[in-house]
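Student:
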Amino acid sequence: MAGSRDTQCGSRLSMASSSSIGVNAARDRLLDRPVKRLLAALADPARRERNVVAMLAAYCGLWTLYGTIAKGSQDVHFDMGEMIAWSREIAWGTPKHPPLGAWLVRAWFSVFPLADWAYYLLAMALATLALWIAWRVSARYLDGEKRVLGLALLTLVPFFNFHALKFNANTIMIPLWAATTALFLRSYETRRAGVAALAGLAAAAAMLGKYWSVILLLGLGLAALADPRRAAYFRSPAPWVTIAVGAAALVPHAAWLAAHDFTPFAYAMESHPGTMGESIRSGLAYMAGAAGYMALPVGLVMMAARPSGAAIRDIVWPQAPERRLAALAFWLPLGLPLIFAVATQALVISLWSIGSMTLLAVVLLSSPRLTVPALAARRIIALALALPLIALAAAPLVAIVIHRQGVPNYASHYRLLAQEVEKAWRATTDRPLRLVGSYNNLLYGTIFYFHDRPSTFEIIGPQVTPWTDAARIARDGIAVYCPAEDNDCVKAMNALVERGRVGTRADVEISRRFAGAADPPVRYLIVTLLPRA
Numbered sequence: 389m390a391g392s393r394d395t396q397c398g399s400r401l402s403m404a405s406s407s408s409i410g411v412n413a414a415r416d417r418l419l420d421r422p423v424k425r426l427l428a429a430l431a432d433p434a435r436r437e438r439n440v441v442a443m444l445a446a447y448c449g450l451w452t453l454y455g456t457i458a459k460g461s462q463d464v465h466f467d468m469g470e471m472i473a474w475s476r477e478i479a480w481g482t483p484k485h486p487p488l489g490a491w492l493v494r495a496w497f498s499v500f501p502l503a504d505w506a507y508y509l510l511a512m513a514l515a516t517l518a519l520w521i522a523w524r525v526s527a528r529y530l531d532g533e534k535r536v537l538g539l540a541l542l543t544l545v546p547f548f549n550f551h552a553l554k555f556n557a558n559t560i561m562i563p564l565w566a567a568t569t570a571l572f573l574r575s576y577e578t579r580r581a582g583v584a585a586l587a588g589l590a591a592a593a594a595m596l597g598k599y600w601s602v603i604l605l606l607g608l609g610l611a612a613l614a615d616p617r618r619a620a621y622f623r624s625p626a627p628w629v630t631i632a633v634g635a636a637a638l639v640p641h642a643a644w645l646a647a648h649d650f651t652p653f654a655y656a657m658e659s660h661p662g663t664m665g666e667s668i669r670s671g672l673a674y675m676a677g678a679a680g681y682m683a684l685p686v687g688l689v690m691m692a693a694r695p696s697g698a699a700i701r702d703i704v705w706p707q708a709p710e711r712r713l714a715a716l717a718f719w720l721p722l723g724l725p726l727i728f729a730v731a732t733q734a735l736v737i738s739l740w741s742i743g744s745m746t747l748l749a750v751v752l753l754s755s756p757r758l759t760v761p762a763l764a765a766r767r768i769i770a771l772a773l774a775l776p777l778i779a780l781a782a783a784p785l786v787a788i789v790i791h792r793q794g795v796p797n798y799a800s801h802y803r804l805l806a807q808e809v810e811k812a813w814r815a816t817t818d819r820p821l822r823l824v825g826s827y828n829n830l831l832y833g834t835i836f837y838f839h840d841r842p843s844t845f846e847i848i849g850p851q852v853t854p855w856t857d858a859a860r861i862a863r864d865g866i867a868v869y870c871p872a873e874d875n876d877c878v879k880a881m882n883a884l885v886e887r888g889r890v891g892t893r894a895d896v897e898i899s900r901r902f903a904g905a906a907d908p909p910v911r912y913l914i915v916t917l918l919p920r921a
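Sequential numbering of the sequence shown, starting at 389, is according to this note's numbering.
(1) Using only alpha-carbon positions, find the residue among L780, L713, L763, R767 that is nearest to S754.
(2) In the structure shown, what three-state DSSP assignment does V361 receive?
(3) Assign D907 to one of two classes, buried (16 or more other C-beta atoms within 10 Å of its C-beta) or exposed (fewer than that).
(4) According to DSSP, is D818 part of a helix, a strand, or is it coil?
(5) Please list, in chain order, all residues of the same chain as N797 whose beta carbon is under 8 angstroms from its beta carbon, the five residues on each side excluded.
(6) Give the DSSP-derived three-state secondary structure of I409 in the structure shown.
(7) Once the 5 residues before and after G888 are set aside, which same chain residues still bring their CB inside 6 angstroms of it?
(8) Using a Cβ distance threshold of 8 angstroms, determine whether the segment 538-554 contacts the segment 444-455, with at least three qualifying pairs required.
(9) Between which two residues does the alpha helix (DSSP H) containing F728 stretch?
(10) The alpha helix (DSSP H) that contains V536, what's its start and end?
(11) Using three-state DSSP, classify S899 as helix, strand or coil.
(12) Restricting to runs no shorter than 3 residues, where is the beta strand (DSSP E) found entirely within the segment 490-524?
(13) Roughly how many angstroms separate the alpha carbons of N439 and I790, rounded to a whole number?
(14) Excluding the 5 residues flanking E808 on each side, which residues of the same chain have their C-beta closer than 6 angstroms to its C-beta?
(15) Do you know how far the Cα of G665 is from the Cα of L773?
(16) Along the chain, where does the beta strand (DSSP E) containing F845 start, and where does it finish?
(17) For L917, which three-state DSSP category applies?
(18) Which residue from A590, A683, M682 puts its Cα closest to that of A635?
(19) Do D461 and S800 have their CB atoms nearer than 9 angstroms?
(20) Whose C-alpha, out of A620, W600, T651, T759, is nearest the C-alpha of P725?
(21) Taking the alpha-carbon of L747 as reference, which of M690, W719, A473, G904 has the nearest alpha-carbon?
(22) Given a threshold of 16 other Cβ atoms within 10 Å of its Cβ, counted over all protein chains shown, does N875 qualify as buried or as exposed?
(23) Assign L785 to one of three DSSP states: helix, strand, or coil.
(24) Under the three-state reduction of DSSP, which class applies to A527: helix, strand or coil?
(25) For M657, collect the residues of the same chain with a Cβ closer than 8 angstroms to its Cβ; drop the 5 residues on either side in sequence, then sort them by chain order.
(26) Contact check, L519 vs T482 under 8 angstroms by CB: the rounded distance?
(27) Please state if the CB of F836 and the CB of D463 are separated by a distance shorter than 9 angstroms.
(28) Sort out for me which residues DSSP pairs V689 with in a bridge.
(29) Could you tell me the distance, in whole angstroms, from the CA atom of A678 to the CA atom of A522?
(30) By Cβ distance below 7 angstroms, which residues in the same chain neighbour A779 in space, the five residues on each side in sequence not counted?
(31) Would you give the residue range spanned by the alpha helix (DSSP H) that P652 belongs to?
(32) Quick one: using the 10 Å Cβ neighbour count with 16 as the cut-off for buried, is I930 buried or exposed?
(33) Below 8 angstroms CB to CB, which residues in the same chain sit around A506 once its five sequence neighbours on both sides are set aside?
(34) Based on the DSSP secondary-structure assignment, which residues constitute the bridge partners of T892?
(35) If you draw a straight line from the alpha carbon of I409 to that of D702, how long is it in whole angstroms?
(36) Identify the continuous beta strand (DSSP E) that holds P871 and give its terminal residues.
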């Protein structure tokens, strides 16, 4: 991913003196000394790679600790639990999404314990990997100091910290889009078959992470076609190797889709339908939301550099072919969702731009017409260094505020409810708990906390848990649970119970205490059905 330093693609940060900025000298020294040392460590070719790995490891650790503390008054998000459910029924697909996220979760928790902190660590490790890939790909476009500034700016995008902590099909796009983009650019420049094959594998992995990745692949394909060097690229084996390897890697999943009537596609279209007007508005909102996510780094650079009109034009539409290709690879995946929304009359969500930021720093900083004063650059870097520390200091207060305000979908009760369900099961039989049944978010939120690692049965929509049928329930037994206030869930539970041998019935009231306060209690009904003797 890293290439030779391109002196035409970035100018060294100007060394503006503190007096020209007009700051207090003592405060300037206090701010500058540690940041100057960091800049020296990360700009030095002999030691920057090991230093950036150490710094990113610290970044990952700090944000993992923040997530563990700030979310300490609630349990893991039900999206994370749904990945756990899929990871226990490994196949070439899932009822809603492609399977790579479930495979990764299965591998991760074969090593790490089923603990909240381990899940947040996985999520942050993926986001941090994407930052490292962005660092590597920026080597071709930015010099040492701008490269460090670019990495700092990316850490101010909430996709790489706050949003990344919720692991789901969106989160997994962050490193996969980064790897696909980096390898595409490298393949386009070198046209080497090995790099092209890796680009194909990365593209396939992105599609196996989330089907939305088709937007990235279309964007990169259009970028290749728009580049003035396209003839040399398409005459080489590189694009055809990429396509062949990527297609071959997707064959098993395609066969699974055909065998299962393309169920995930139907789910995707049914989940986000809209009229033409709604689709247009959602496409515009997508791009506005994506702009909002990167507003802080863009705004900081604009305020610090005060670029001329010519510099802004060179940022948006560079003249150098290498930089223009990178700009196209950045802008096209951000703009295509509007066309997609209109063409399919589907609603799109700005959070899906979560994987699109890999080239933000390259596009923003690589123009030789853009000069960021050195002191301003160091202040931005200092802000990036301070952000995870400030967040960590605020994490206990965040947890308390969340607890006092309350969380939806019974998210503070998942662990406690799982304990009550296990207690009811132990009163029923000494056999392991192999199946649990409930509905939607409650089912997936609790599944993470069962010690026996059971599989799932969705009692209202059984089509989303095709691995469980009446024969399996009769063989293994099942523990079923519902909020007493949810009539649909209770009705489905009663219908299931009528077909089995009841072991234990329980009616429990759960309230979670945190920081000396209890949340509103909720009644849950639990019924166990005996396994076959």
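By construction, the Cβ of each residue, glycine as well, lies at the ideal position given by its N, Cα and C atoms.
Tutor: On the basis of the supplied data:
(1) L713
(2) Lying before the first or after the last residue shown, residue 361 is absent from the chain, which here runs from 389 to 921.
(3) buried
(4) coil
(5) F466, N829, L830, G833
(6) Low confidence applies to I409: its pLDDT is 44, below 50, so where it sits in the model is not reliable, and the reading given next is rough at best. Looking at I409 - three-state DSSP - the assignment turns out to be helix.
(7) L917
(8) yes
(9) 709-732
(10) 532-542
(11) coil
(12) none
(13) 36 angstroms
(14) V896
(15) 43 angstroms
(16) 843-846
(17) strand
(18) A590
(19) According to the sequence provided, residue 461 is Ser. The question's Asp does not apply to it. Yes, the pair counts as a contact, with Cβ atoms nearer than the cut-off.
(20) W600
(21) W719
(22) exposed
(23) helix
(24) helix
(25) T732, A734
(26) The Cβ separation is near 28 angstroms, so there is no contact.
(27) yes
(28) Looking at the DSSP assignment, V689 forms no beta bridge with any residue, so it has no partner.
(29) 18 angstroms
(30) Y454
(31) 651-659
(32) The structure shown does not extend to residue 930, since the chain spans only 389 to 921, so no value can be given for it.
(33) W496, F497, F500
(34) T916
(35) Because the pLDDT of I409 is 44, which lies under 50, any placement of that residue in the model is unreliable, and the question is left without a value.
(36) 866-871
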